[in-house]
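**Q** Take a look at this one; I'll ask things after.
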Amino acid sequence: MSDKATGFFKHLLYIISCIIIMFPLYFIIVSAFKTKKEYTLNKFLIPSLPTIKNFITALRGHTFFLWMANTILLTVFSVFICLIIASFAAYAFSKMRFYGRDTILNLLISLMIVPPIVLVIPLYYMMNKINFTDNYISVILIYVALLLPFSIFLLTSFFITIPNELMEAASIDGCSGIAILFRIILPLSKPPIITLIVVNSLWVWSELLIALIFLQSDKMKTAMVGITIFQGRYLTNVPVIMAAMVMATIPMLVLYLFGQRYFISGITAGALKG
Amino acid sequence: MKKLYLNKNLGKKIQPYFYILPAISVVCFIYLYSLIKLFQNSFLNLAVPQRNFIGFRNYISVLKDTVFWEAFSHNLIIIAVAVPVLIFLSILFSVFLYEKIRGWKTYRFVIFLPYILSITVTGIAFGYIFTYNGILNSILRLLKIDFFALDWLGSPKIAIFTVIFVIIWKELGFGVILFYSRLMSVPVEIYDAAKVDGVTWWKNLVYITIPQLKTVIQFYLILLIITMFSWIFNYIYVMTNGGPGTSTNVVEFYIYKRAFFYNVMNSANAASVILFIIVIIFIFVQFKIRIRIGGGSE
Chain A
191 MSDKATGFFK HLLYIISCII IMFPLYFIIV SAFKTKKEYT LNKFLIPSLP
241 TIKNFITALR GHTFFLWMAN TILLTVFSVF ICLIIASFAA YAFSKMRFYG
291 RDTILNLLIS LMIVPPIVLV IPLYYMMNKI NFTDNYISVI LIYVALLLPF
341 SIFLLTSFFI TIPNELMEAA SIDGCSGIAI LFRIILPLSK PPIITLIVVN
391 SLWVWSELLI ALIFLQSDKM KTAMVGITIF QGRYLTNVPV IMAAMVMATI
441 PMLVLYLFGQ RYFISGITAG ALKG
Chain B
61 MKKLYLNKNL GKKIQPYFYI LPAISVVCFI YLYSLIKLFQ NSFLNLAVPQ
111 RNFIGFRNYI SVLKDTVFWE AFSHNLIIIA VAVPVLIFLS ILFSVFLYEK
161 IRGWKTYRFV IFLPYILSIT VTGIAFGYIF TYNGILNSIL RLLKIDFFAL
211 DWLGSPKIAI FTVIFVIIWK ELGFGVILFY SRLMSVPVEI YDAAKVDGVT
261 WWKNLVYITI PQLKTVIQFY LILLIITMFS WIFNYIYVMT NGGPGTSTNV
311 VEFYIYKRAF FYNVMNSANA ASVILFIIVI IFIFVQFKIR IRIGGGSE
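Next up, the structure:
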């Protein structure tokens, strides 16, 4: 194939893929601003008279608002706790020598392959027994556990690249183990930390299976479970569902835009070199 | 004096274990406990209060269940179709980005957007796009290609492929960014040398780019296999509920239905263990192949 033909083919593919990617997003946003009647008549074009009524309907009775707040709470706590625990572990794995280090690390990382549905059944019965269902502590604990393997993996592989001389200099200056972690290693690890904040927040925010099973009472539910409830409740009023989906996506879009600059370098910095 | 020194030494020796203790406790509590409990329960008859030991009977009943095998075959179809397509498209699009095709910055943003959307939002939106009287079919009818206006999610033969399309749509962004990050660290000299020799774009792709991406492709392959067995519950739950009939049922959804819908814990537990073993086998085989390929070329 000549270079000209290749170039044409590349641009064609580029445009087609952009359209396919953007189309559902366009559909969600446009539909969210349509009246119920207009949605049935005109699915494709932009609304002739944009309305924010759907957003008001979705927020009516404050339940959706509450679900959003619940999700924010779960996300913040899970991501933060996971980050702290993973930093401590990654610090030991990357900068200390101890018996069984590599075996423990490999075992921890290989937990990534355990399907969550496999854990859910025994956990549900255990939490039920100790009255911990419908409780954020149990869900946060499960989320932290599911996020830990990847978080430790990413942080360890980044911490290894930090030169030991920096730590030695600090320990001569009288810094102890924990101070070295907080004053030297973590400030140097912005890319992987921000990557983890973005990736893990997106994951917790979007998680459905565990939220569905462990948080069953109405006031404890998350935004994602709420949307699936809306899916049944507003069967004949699709624009309301779309409005709820727009609201549930905006926080993650903001987070991604904020972290985008570090995000790619965070992945590059990880273990994926070579 | 000597004793003090010894104590300090001991402190240094056990210090690392304090750092990993929180992680180990959480993991033991959530993973170890659950896996042991699950394994134990899979040999008991939980339908009776005595919970007596019944050997492999739970397993046999799952393995005799055609619904289970059908669900498993759907996982395999999803892997067979989605994984090669995802790897191929990720290579192609990451190369476009790397070559700084016109508008590549916008493109990088656009291609990553599906990753930000949750599966729930994606699945529901596509559900409305693909319904029989949905937007896709109205466009197809407008274009006068009515014969192509199928019942995308309502027909048992097509539904699974519609789900696969949505999975690819959602998962592609991560692969592209992964491969793109790797390409960024490939030494430019390699491409410069090829340019001097007048190598075409396709030859460049096959002989330089793909070998450079080898390790990332292997990593992504493992990640995708894990995903296709363990993380597609969400798509099925919001898009098809396993239907029409059982035509889009997958192992994860089978277990969920058994455990939390029909309340048949016996087979749910056994099926969970089977799923776990299946994933381990797949990952193990993949590692074996990887070692063989790696050993051959290095």
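If you're matching them up, the sequences are chains A and B in order.
If you read the first sequence in the working numbering, its first letter stands for residue 191, the second for the next number, and so on.
If you read the second sequence in the working numbering, its first letter stands for residue 61, the second for the next number, and so on.
Heads up, the beta-carbon is just placed ideally off N, CA and C, and yes, glycines get one too.
All of these numbers come straight from a predicted model, not from anything done at the bench.
Could you tell me which chain B residues have their CB closer than 9 Å to the CB of MET435(A), listed as they occur along the chain?
**A** Within 9 Å of the CB of MET435(A), the CB atoms of chain B belong to LEU177, SER178, THR180, VAL181, ILE184 and ALA185, in sequence order along the chain.
**Q** Out of GLY194(B), ASN309(B), ILE120(B) and ILE218(B), which one is the CA nearest neighbour of ASN329(B)?
**A** ILE120(B)
**Q** For ILE341(B), count neighbouring C-beta atoms within 10 Å of its own C-beta (all shown protein chains included) and say buried if the count is 16 or more, exposed if not.
**A** exposed
**Q** How many whole angstroms separate the CB atoms of VAL143(B) and LEU281(B), which I take to be in contact at a CB cut-off of 8 Å?
**A** 7 Å
**Q** Between which two residues does the alpha helix (DSSP H) carrying ARG286(B) extend?
**A** Checking the sequence, you will find Ile at residue 286(B) rather than Arg. Residues 270–290.
**Q** Inspect the beta-carbon positions of VAL269(A) and VAL86(B) and report whether they are closer than 9 Å.
**A** In this structure, VAL269(A) sits away from VAL86(B), with a CB-CB distance that is not shorter than 9 Å.
**Q** Taking just the CA atoms, how far does MET357(A) sit from ILE374(A)?
**A** So the alpha carbons of these two residues sit roughly 7 Å apart.
**Q** According to DSSP, which residues form a beta bridge with PHE113(B)?
**A** According to DSSP, which records beta bridges pairwise, PHE113(B) is partnered with LEU104(B).
**Q** For the region 309–355 of chain A, which segments carrying the alpha helix (DSSP H) assignment without a break, of at least 4 residues, lie completely within its bounds, in sequence order?
**A** 326–349
**Q** Have a look at ASN296(A), GLN406(A) and ILE419(A) and flag the residue whose alpha-carbon is nearest the alpha-carbon of CYS338(A).
**A** One point to set straight first is that residue 338(A) is Leu, not Cys, in the sequence displayed. Cα-wise, what sits closest to LEU338(A) is ASN296(A).
**Q** Run through DSSP, which three-state label would LYS463(A) get?
**A** Model confidence at LYS463(A) stands at a pLDDT of 44, short of 50, so the residue's coordinates are unreliable and nothing is read from them.
**Q** Closer than 8 Å, Cβ to any Cβ of chain A: which residues of the region 88–101 of chain B, in chain order?
**A** PHE89, ILE90, TYR91, TYR93, SER94, LEU95, LYS97, LEU98 and ASN101
**Q** Would you be able to state if there are at least three C-beta pairs under 8 Å between the region 301–316 of chain B and the region 207–220 of chain B?
**A** Short answer: they touch.
**Q** Less than 9 Å separating the beta-carbons of ILE179(B) and SER391(A)?
**A** no
**Q** Ignore the nearest five residues each way along the sequence and tell me which others in ALA280(A)'s own chain have a CB closer than 6 Å to its CB.
**A** ILE342, LEU345, THR346 and PHE349
**Q** Taking THR225(A) as the reference, which of ILE384(A), LEU445(A), PRO429(A) and VAL444(A) has the closest Cα?
**A** Put simply, of ILE384(A), LEU445(A), PRO429(A) and VAL444(A) the residue whose alpha carbon is nearest the alpha carbon of THR225(A) is PRO429(A).
**Q** Rounding to the nearest angstrom, what Cα-Cα distance links GLY356(B) and LEU157(B) in this structure?
**A** In this prediction, GLY356(B) has a pLDDT of 38, which is less than 50 and means its spatial position is unreliable; nothing more can be read from the coordinates.
**Q** Would you check if there are 3 or more beta carbon pairs closer than 8 Å linking the region 309–324 of chain A to the region 81–101 of chain B?
**A** yes
**Q** So the alpha helix (DSSP H) ARG162(B) belongs to, where does it begin and stop?
**A** Careful: ARG162(B) lies outside any alpha helix (DSSP H) and carries neither H nor E.
**Q** Once the 5 residues before and after SER407(A) are set aside, which same chain residues still bring their CB inside 7 Å of it?
**A** ASP324
**Q** Could you name the residues of chain B that THR293(A) contacts, counting a contact when the two beta carbons are closer than 7 Å?
**A** Residues of chain B passing the Cβ test: none, with the nearest at roughly 12 Å.
**Q** Quick check on this structure: which residue in ILE218(A), VAL329(A), LYS243(A) and TYR229(A) has the alpha carbon closest to the alpha carbon of ILE271(A)?
**A** VAL329(A)
**Q** When you compare the CB of TRP291(B) with every CB in chain C, is at least one pair closer than 9 Å?
**A** The structure shown has no chain C; the protein chains it does contain are A and B.
**Q** Please list the partners that VAL308(A) has in chain B, where partner means a Cβ-to-Cβ separation under 7 Å.
**A** VAL308(A) reaches chain B at LEU98, SER332, LEU335 and PHE336, counting residues in chain order whose Cβ is nearer than 7 Å.
**Q** Flag PRO1(B) as yes if its beta-carbon sits less than 9 Å from any beta-carbon of chain A, otherwise no.
**A** In the structure displayed, chain B extends from 61 to 358; residue 1(B) sits before or after that span and is not available.
**Q** What does ILE80(B) reach in chain A if we use C-beta pairs closer than 8 Å?
**A** PHE278, ALA279, ALA282, PHE283 and ILE294
**Q** Give the C-beta separation of PHE234(B) and TYR297(B) to the nearest angstrom, bearing in mind that I take them to be a contact with Cβ-Cβ under 8 Å.
**A** 21 Å between Cβ atoms; not a contact.
**Q** When the Cβ atoms of the region 430–446 of chain A are set against those of the region 213–222 of chain A, are three or more pairs found closer than 8 Å?
**A** yes
**Q** Relative to the alpha-carbon of ILE80(B), which residue among PHE278(A), ILE236(A), LEU239(A) and LEU443(A) has its alpha-carbon at the smallest distance?
**A** Of the candidates PHE278(A), ILE236(A), LEU239(A) and LEU443(A), the residue whose Cα lies closest to the Cα of ILE80(B) is PHE278(A).
**Q** Have a look at ALA195(A) and LYS124(B) and give me their C-alpha separation to the nearest angstrom.
**A** 54 Å
**Q** Considering only their Cβ atoms, is the gap separating TYR452(A) from THR385(A) smaller than 9 Å?
**A** In contact: THR385(A) and TYR452(A) (Cβ atoms closer than 9 Å).
**Q** Would you say ILE250(B) and ILE138(B) are within 9 Å of each other, going by their C-beta atoms?
**A** no
**Q** Output needed in chain order: residues of the region 280–314 of chain B with a Cβ under 7 Å from some Cβ in chain A.
**A** ILE286, PHE289, SER290, PHE293, ASN294, TYR297, VAL298 and GLU312
**Q** Return no unless some Cβ of chain B is closer than 9 Å to the Cβ of PHE255(A).
**A** no
**Q** Starting from the N-terminal side, write out each stretch of the alpha helix (DSSP H) that is 4 residues or longer and does not extend beyond the region 234–258 of chain A.
**A** Listed in chain order, the complete alpha helix (DSSP H) runs (minimum 4 residues) inside the region 234–258 of chain A are 243–249.
**Q** Looking at chain B, which residues of the region 356–382 of chain A have a Cβ within less than 7 Å of any of its Cβ atoms?
**A** GLY367
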